[in-house]
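Residue numbers (this note's numbering): 6 to 468.
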């Protein structure tokens with residue numbers, strides 16, 4: 006089964022979709038608009054005025070700081086030191102876009118030190134369907150030694166990543182790695198793409214006499230809500246007793262889609278059951294939403310329809326990495342008041358904040374820039390939040406410690422296999438030693454992960 010995953014590269018940077026559109030600097034409509042060319046000072050004034058009203062840290066904004074600096078530089082200057090995720094962009098300007106290896110080429114990767122010879126290696130963690138990366142032969146688990154002809158080292162990873170994002174093509178030297186021997190096998194030439202598919206995998210494991218649902222997906226898209234109901238109808242018809250949510254590379258998306266999924270997982274809820282709480286500054290205040298209000302937003306399936314597919318489980322198993330972010334973390338945190346969540350992998354990115362979109366919607370529009378400032382902190386039905394440092398895994402299983410990587414949905418993937426063992430009663434909840442599937446006698450050290458890096462550069466937008 007495949008959920009609708011077609012996205013343009015400019016849309017793969019997923020957000021929680023904002024329903025609020027702000028008319029920044031509306032006062033100017035009454036006092037008279039500026040005429041002539043738009044200056045940086047005018048842009049920065051609009052920016053600061055908007056932040057003073059909506060920004061989570063509005064009370065701590067520097068006073069009287071308007072200047073004619075470049076808007077991106079100015080925005081970075083006025084941002085609060087605790088703010089990791091706010092940003093500003095100029096639509097149509099490639100220099101202001103936050104490109105990622107996934108949005109440009111359709112793949113993510115991690116870099117690690119292999120323990121036998123101490124050489125630095127890269128490994129593909131994800132390759133999107135019909136992407137330039139997949140066309141070039143890349144797939145999850147493929148090793149490489151060089152980027153654009155330059156050998157990977159401890160010291161040049163960030164620079165090579167920067168080059169990869171700036172260029173319109175990239176060359177990877179592929180390699181095999183077995184028994185401590187690395188052999189370069191040929192180059193993969195990857196051109197920047199425009200349309201990829203972020204396909205999901207939905208299946209049922211018939212394992213040890215149990216029917217276990219498995220769902221792998223990389224984003225939460227409002228248009229997928231109808232597909233979710235179909236997938237869960239199949240799960241229910243199969244008589245599943247447990248579910249594994251594979252959100253290792255899920256960087257987030259729409260609150261409504263997350264709420265719809267949770268509505269089919271949380272037992273004993275009704276339309277009025279609280280799902281999410283937003284806490285803003287003195288202007289934003291506190292806003293709460295029920296499962297129904299959140300799940301039905303933007304014309305989604307009726308809550309009653311979602312409830313018909315509720316699996317009535319007592320626990321879920323979630324696979325996570327540092328690239329699990331935003332709406333994916335929201336699912337983990339906001340299900341906990343209703344169901345036991347067993348998390349396998351590593352701690353998540355730590356986006357317990359939400360943004361809104363601020364743009365100039367005046368009749369005589371002057372400002373083309375768009376801001377995505379943090380305006381809320383996020384909490385569940387019990388008022389629990391505060392996971393800025395990430396949500397820690399109950400069972401630690403880093404991907405870099407479990408090479409070679411298996412395809413998503415493969416029951417021999419160490420994380421999936423451990424979840425299956427727990428479900429069958431063959432493994433404890435606490436993993437006391439490294440997975441036996443690791444082919445290394447010494448654990449490799451992860452040096453860089455493109456998906457984790459990208460998750461840190463994307464905003465979480467409030468509905």
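We put the beta carbon where it would ideally sit given N, CA and C, even for glycine.
Notebook entry, point to check: From which residue to which residue does the beta strand (DSSP E) around residue 376 run?
Noted result: Within the chain shown, residue 376 is the residue found at index 371, counting from 1. Counting along the chain, the beta strand (DSSP E) containing residue 376 begins and ends at 375-377.
Notebook entry, point to check: With respect to the beta strand (DSSP E) encompassing residue 211, which residues constitute its N-terminal and C-terminal limits?
Noted result: Numbered from its first residue, the chain shown carries residue 211 at position 206. Its beta strand (DSSP E) spans residues 206-212.
Check: Would you report the Cα separation of residue 460 and residue 69, rounded to the nearest angstrom?
Finding: To locate residue 460, count along the chain shown from 1; it is residue 455. To locate residue 69, count along the chain shown from 1; it is residue 64. Roughly 33 Å between the two C-alpha positions.
Notebook entry, point to check: Taking C-alpha atoms, which residue in 268, 379 and 342 lies nearest to residue 58?
Noted result: Indexing the chain shown from 1 puts residue 58 at position 53. Taking only the C-alpha atoms, the option nearest residue 58 is 379.
Item checked: 8 Å Cβ cutoff met for residue 429 and residue 216 -> Numbered from its first residue, the chain shown carries residue 429 at position 424. Numbered from its first residue, the chain shown carries residue 216 at position 211. Cβ distance not < 8 Å, so residue 429 and residue 216 don't count as in contact.
Item checked: Assigned exposure category for residue 481 - 16 Cβ within 10 Å defines buried -> The structure shown has nothing for residue 481, since the chain only spans 6 to 468.
Check: Can you list, in chain order, the residues of its chain whose CB lies under 7 Å from that of residue 412, leaving out five sequence neighbours each side?
Finding: Translated into the one-based positions of the chain shown, residue 412 becomes position 407. Closer than 7 Å at Cβ, skipping near neighbours: 145.
Next item on the list: Starting from residue 168, follow the alpha helix (DSSP H) in both directions and report where the run begins and ends.
Entry: One-based indexing of the chain shown puts residue 168 at position 163. Taken as a continuous stretch (DSSP letters only), the alpha helix (DSSP H) holding residue 168 covers 162-171.
Checklist line | Identity of the residue in 50, 403 and 248 nearest residue 424 by Cα | finding: Within the chain shown, residue 424 is the residue found at index 419, counting from 1. The shortest C-alpha separation from residue 424 is found at 248.
Next item on the list: Could you tell me which uninterrupted alpha helix (DSSP H) segments, each at least 4 residues in length, are contained entirely in the region 286-325, listed from first to last along the chain?
Entry: 296-300 and 308-313
Checklist line | Helix, strand or coil at residue 442 according to DSSP, with G and I counted as helix | finding: Translated into the one-based positions of the chain shown, residue 442 becomes position 437. Since pLDDT at residue 442 reaches only 40, below the 50 mark, its modelled position is unreliable, and the value read off the structure follows with that caveat. Looking at residue 442 - three-state DSSP - the assignment turns out to be coil, as it is neither helix nor strand.
Note to self: With three or more C-beta pairs closer than 8 Å as the rule, is the region 338-348 touching the region 268-277?
What the structure shows: yes
Next item on the list: Could you spell out where the alpha helix (DSSP H) holding residue 334 opens and where it closes?
Entry: For the purposes of this step, residue 334 is taken as residue 329 along the chain shown, with counting starting at 1. It spans 332-340 - the alpha helix (DSSP H) in which residue 334 sits, taken as one unbroken run.
Item checked: Beta-carbon gap between residue 410 and residue 162 smaller than 8 Å -> Position 405 of the chain shown, counted from the start, is the residue given in the question as residue 410. Position 157 of the chain shown, counted from the start, is the residue given in the question as residue 162. Between residue 410 and residue 162, the gap from beta carbon to beta carbon reaches 8 Å or more.
Note to self: I need the DSSP call for residue 149, collapsed to helix, strand or coil.
What the structure shows: Your numbering for residue 149 matches position 144 in the chain shown. Strand.
Check: So, helix, strand or coil for residue 190, using DSSP?
Finding: For the purposes of this step, residue 190 is taken as residue 185 along the chain shown, with counting starting at 1. Residue state, collapsed to three classes: strand.
Checklist line | Boundaries of the beta strand (DSSP E) in which residue 235 is found, first to last residue | finding: Here residue 235 refers to the residue found at position 230 of the chain shown. Run containing residue 235: none in the beta strand (DSSP E); it sits in the alpha helix (DSSP H), 230-243.
Next item on the list: Would you list the one or two residues that DSSP bridges to residue 350?
Entry: Start at 1 with the first residue of the chain shown, and residue 350 comes out as number 345. Looking at the DSSP assignment, residue 350 forms a beta bridge with 325 and 401.
Notebook entry, point to check: Does the separation of the CB atoms of residue 330 and residue 401 fall below 8 Å?
Noted result: The residue you call residue 330 lines up with position 325 of the chain shown. The residue you call residue 401 lines up with position 396 of the chain shown. No, the Cβ-Cβ distance between residue 330 and residue 401 is not below 8 Å.
Note to self: For residue 106 and residue 455, which I take to be in contact (beta-carbon distance under 8 Å), what is that distance rounded to the nearest angstrom?
What the structure shows: For this step, residue 106 is matched to residue 101 along the chain shown. For this step, residue 455 is matched to residue 450 along the chain shown. Residue 106 to residue 455, Cβ: 5 Å. Contact.
Check: Pick from 308, 269 and 258: whose alpha carbon is nearest that of residue 277?
Finding: Translated into positions along the chain shown, residue 277 becomes position 272. Minimum Cα distance to residue 277 is reached at 308.
Next item on the list: Inspect the beta-carbon positions of residue 179 and residue 148 and report whether they are closer than 8 Å.
Entry: Counting from one through the chain shown, the residue named residue 179 turns up at place 174. Counting from one through the chain shown, the residue named residue 148 turns up at place 143. It is a contact, given that the beta carbons lie within the stated cut-off.
Note to self: Are the CB atoms of residue 212 and residue 416 within a distance shorter than 8 Å?
What the structure shows: Residue 416 sits at position 411 when you count from the first residue of the chain shown. Residue 212 sits at position 207 when you count from the first residue of the chain shown. Yes, Cβ-Cβ distance for residue 416 and residue 212 is below 8 Å.
Notebook entry, point to check: Going along the chain, which residues of its own chain have a beta-carbon closer than 7 Å to the beta-carbon of residue 208, five neighbours each way excluded?
Noted result: Here residue 208 refers to the residue found at position 203 when the chain shown is read from its first residue. Excluding positions up to five away in sequence, the list reads 219 and 414.
Check: Apart from the five residues on each side of it in sequence, which residues of its chain come closer than 7 Å, Cβ to Cβ, to residue 85?
Finding: Here the question's residue 85 lines up with position 80 in the chain shown. Result list for residue 85: 62 and 65, in chain order.
Notebook entry, point to check: If we count Cβ pairs, one from each stretch, closer than 8 Å, do we get three or more for the region 237-254 versus the region 285-296?
Noted result: no
Notebook entry, point to check: What's the gap between the Cα of residue 46 and the Cα of residue 53?
Noted result: Position 41 of the chain shown, counted from the start, is the residue given in the question as residue 46. Position 48 of the chain shown, counted from the start, is the residue given in the question as residue 53. Approximately 10 Å, taken between the alpha carbons.
Next item on the list: Please say whether residue 234 and residue 314 have beta carbons closer to each other than 8 Å?
Entry: Position 309 of the chain shown, counted from the start, is the residue given in the question as residue 314. Position 229 of the chain shown, counted from the start, is the residue given in the question as residue 234. Taking the C-beta atoms as reference points, residue 234 is found nearer than 8 Å to residue 314.
Margin query: Measuring only the C-alpha atoms, how far is residue 421 from residue 204?
Written below: Sequence index remark: in the chain shown, residue 421 carries index 416 (1-based). Sequence index remark: in the chain shown, residue 204 carries index 199 (1-based). Residue 421 and residue 204 have their C-alpha atoms some 19 Å from each other.
Checklist line | DSSP-derived helix/strand/coil call for residue 358 | finding: Position 353 of the chain shown, counted from the first residue, corresponds to residue 358. Reduced to three states, the DSSP call for residue 358 is strand.
Next item on the list: Find the nearest neighbour of residue 262 within the set 250, 254, 282 and 229, judged by alpha-carbon distance.
Entry: Numbered from its first residue, the chain shown carries residue 262 at position 257. Nearest of 250, 254, 282 and 229 to residue 262, Cα basis: 229.
Check: Looking at the unbroken alpha helix (DSSP H) that takes in residue 56, where does it start and where does it end?
Finding: On the chain shown, position 51 is the one that residue 56 refers to. Here the alpha helix (DSSP H) through residue 56 covers 45-59.
Checklist line | Selected residue, minimal CA-CA separation from residue 372, among 95, 320 and 73 | finding: The residue labelled residue 372 in the question sits at position 367 within the chain shown. Checking every option, the nearest Cα to that of residue 372 belongs to 95.
Next item on the list: Tell me, to the nearest whole angstrom, how far the beta carbon of residue 395 is from that of residue 352; I am working on the premise that it is less than 8 Å.
Entry: Your numbering for residue 395 matches position 390 in the chain shown. Your numbering for residue 352 matches position 347 in the chain shown. Confirmed, Cβ separation roughly 4 Å.
Next item on the list: Check whether the Cβ atoms of residue 138 and residue 112 lie closer than 8 Å to each other.
Entry: On the chain shown, position 133 is the one that residue 138 refers to. On the chain shown, position 107 is the one that residue 112 refers to. Contact: yes.
Next item on the list: Only counting runs of 3 or more residues, tell me where the beta strand (DSSP E) segments fall wholly within the region 53-98, in order along the chain.
Entry: 92-94
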